[in-house]
Structure formats: structure tokens, C-alpha cells
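One structure is given here, and the rest of the page talks about it.
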Amino acid sequence: MKRACNEYYTTFIQENSSDHRKLFKSAKFLFNQETDLHFPECSDNTVLANDIGDFFANKTECIRQELDSAATYHNPTSEPQIMPNVQLDSFKTLTEDDVNQIISNSSKKSCSLDPMPTHLVVHCLDVLLPVITRMINLSLQSGCFPENWKLAKVHPGLKKSKAEVIFDNLRPISNLSFVSKLTERAVFNQTHDHLTAHKLYPKAQSSYRQIS
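Below, the structure is given as C-alpha cells:
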């Protein structure tokens, strides 16, 4: 029994080595780690939700100001020289097979902003695939990302499971609509391929980078 269990999880890890979310979720289950959300104490849930929202918004604004300040002192001579023939000035439209592949590799988690649950979208994909493909291609061709695709359900989560429940230890987790995430992935794939092909990624940065 123990050997069979070891073989199962070894195979599971190998098959899902590129899906970190799935691996961490399974690890939490195996080690009985808590996954419930924790919030700072407050007598009014509405006040707490607004306070957390303001905290995240202000934190983002502070980071932007710090980046703007750092850019003021940036040495322009250190900027890489980009040749005109390697510019990415437009995105290619996708075929239905391309979109189907993106959907197959995407999380099937639903968002309350979606008009229908993701599992139903997948179940009816033979009918919906042409529509989804056209929606994504219209965005790629026009360079327009609809405002309602930018909306997200933001959930606060602790950075570390054992961390003290205070605002500074919370991180925002954004849950976007399914078609928004598919379009984002389509743009990422083409941008990543371009940067990789022309060796434009900075050598010293590796965090959150897809392994080629």
C-alpha cells in the first residue's frame, strides 16, 4: 500500500511539474494545512472589507510612486539597445486549435464574474469555441482590452499560513473572468516567445519566469 501510494504521488508530481498551483494545493491537503481565509478582528464586516480594499489600493500606489522615483535616477546608458527588426508591434490572431490548447492548459476555476461556470464552458466547447476565439482575436487585433475584463474579485490571503493576522501580512488574490485570463495567456505566450527568441529577457531575473 505504501509503495503504491509513493508511486502515485511520484507520478502525480511528474505529470504536474509545471502546475505549481495544483502541486501546492495537493501538498496542503496531504499535510493537513489550513486553507481558510483569516482576517483582522473587526465588528463590522463592511468596514473591514473597505479597509482591506483601501490598504491594497494605497499599497499599489506607493509601489508605483517608488518606481517613478527610481526611474528618475535611472542611468539611460544602461538601457538595452533594441534593434528595429526585433520589435513586437502586433499580435497574431489565434486559430480555434490555439484557443483550445490554451483552455486545455488553463485552470478550470470559475469566477462569479463569469456568465456561466467554467466547467459548463468546457462541456459546451464545441459550440462556444468559435465565439471565444473571435472575442480573443478582436482584442488582439484592436489592441483593446474591455473594461469589464479588467474587473476582478479580490480575496485577501495571508502571505504565510502562520503569519500574524495584520494588514501588512495580507496579499491580494485576484479572480478574473475566464475569457479575460484566456486573452491574457494568449498575449503572454506571444510576448514570451518573442522575448525568448531574441534573448531580450534580463539575465539576472528568474523569479516567476517560465522555464523553457
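Going by this note's numbering, the sequence shown opens with residue 4, and the numbers climb by one from there. For every residue, glycine included, the Cβ atom is placed at its ideal position computed from N, Cα and C.
For residue j and residue i, the rounded distance between their alpha carbons
| i | j | result |
| --- | --- | --- |
| K95 | L70 | 31 Å |
| S142 | N9 | 46 Å |
| K111 | T75 | 42 Å |
| S109 | V125 | 11 Å |
| K62 | G146 | 29 Å |
| S46 | A52 | 11 Å |
| S20 | Q208 | 21 Å |
| N243 | N88 | An answer regarding residue 243 cannot be provided, because it is not within the stretch 4 to 215 covered by the chain. |
| Q68 | A60 | 13 Å |
| C65 | D100 | 42 Å |
| L123 | P133 | 16 Å |
| P205 | N48 | 44 Å |
| A30 | Y211 | 20 Å |
| K202 | V50 | 48 Å |
| K28 | T13 | 16 Å |
| T136 | E44 | 45 Å |
| N172 | D129 | 44 Å |
| T194 | Q17 | 27 Å |
| I176 | Y11 | 31 Å |
| A73 | Q144 | 34 Å |
| D22 | A155 | 22 Å |
| S107 | T121 | 12 Å |
Per DSSP, cross-strand counterpart(s) of residue i
| i | result |
| --- | --- |
| H158 | I176 |
Per-residue DSSP class, three states only, for residue i
| i | result |
| --- | --- |
| L203 | coil |
| T219 | Look at the range of the chain in this structure, 4 to 215, and you will see that residue 219 is not part of it. |
| Q90 | coil |
| E64 | helix |
| Y211 | coil |
| K153 | coil |
| V190 | helix |
| P133 | helix |
| G56 | helix |
| E44 | coil |
| L166 | Strictly speaking, residue 166 in this sequence is Ala, with Leu absent from that position. Correct three-state label for A166: coil. |
| L70 | helix |
| F15 | helix |
| M138 | helix |
| N9 | helix |
| L116 | coil |
Residue i and residue j closer than 8 Å at C-beta
| i | j | result |
| --- | --- | --- |
| W152 | T199 | no |
| L131 | S180 | no |
| A189 | I105 | yes |
| V157 | F42 | no |
| R174 | K162 | yes |
| C217 | N178 | Residue 217 is absent from the model: the chain starts at 4 and stops at 215. |
| L91 | N140 | no |
| F170 | F15 | no |
| V182 | M138 | yes |
| P149 | I55 | no |
Residue i: CB within 7 Å of a non-hydrogen atom of the ligand ATP
| i | result |
| --- | --- |
| I106 | The model depicted lacks the ligand ATP and carries no ligand whatsoever. |
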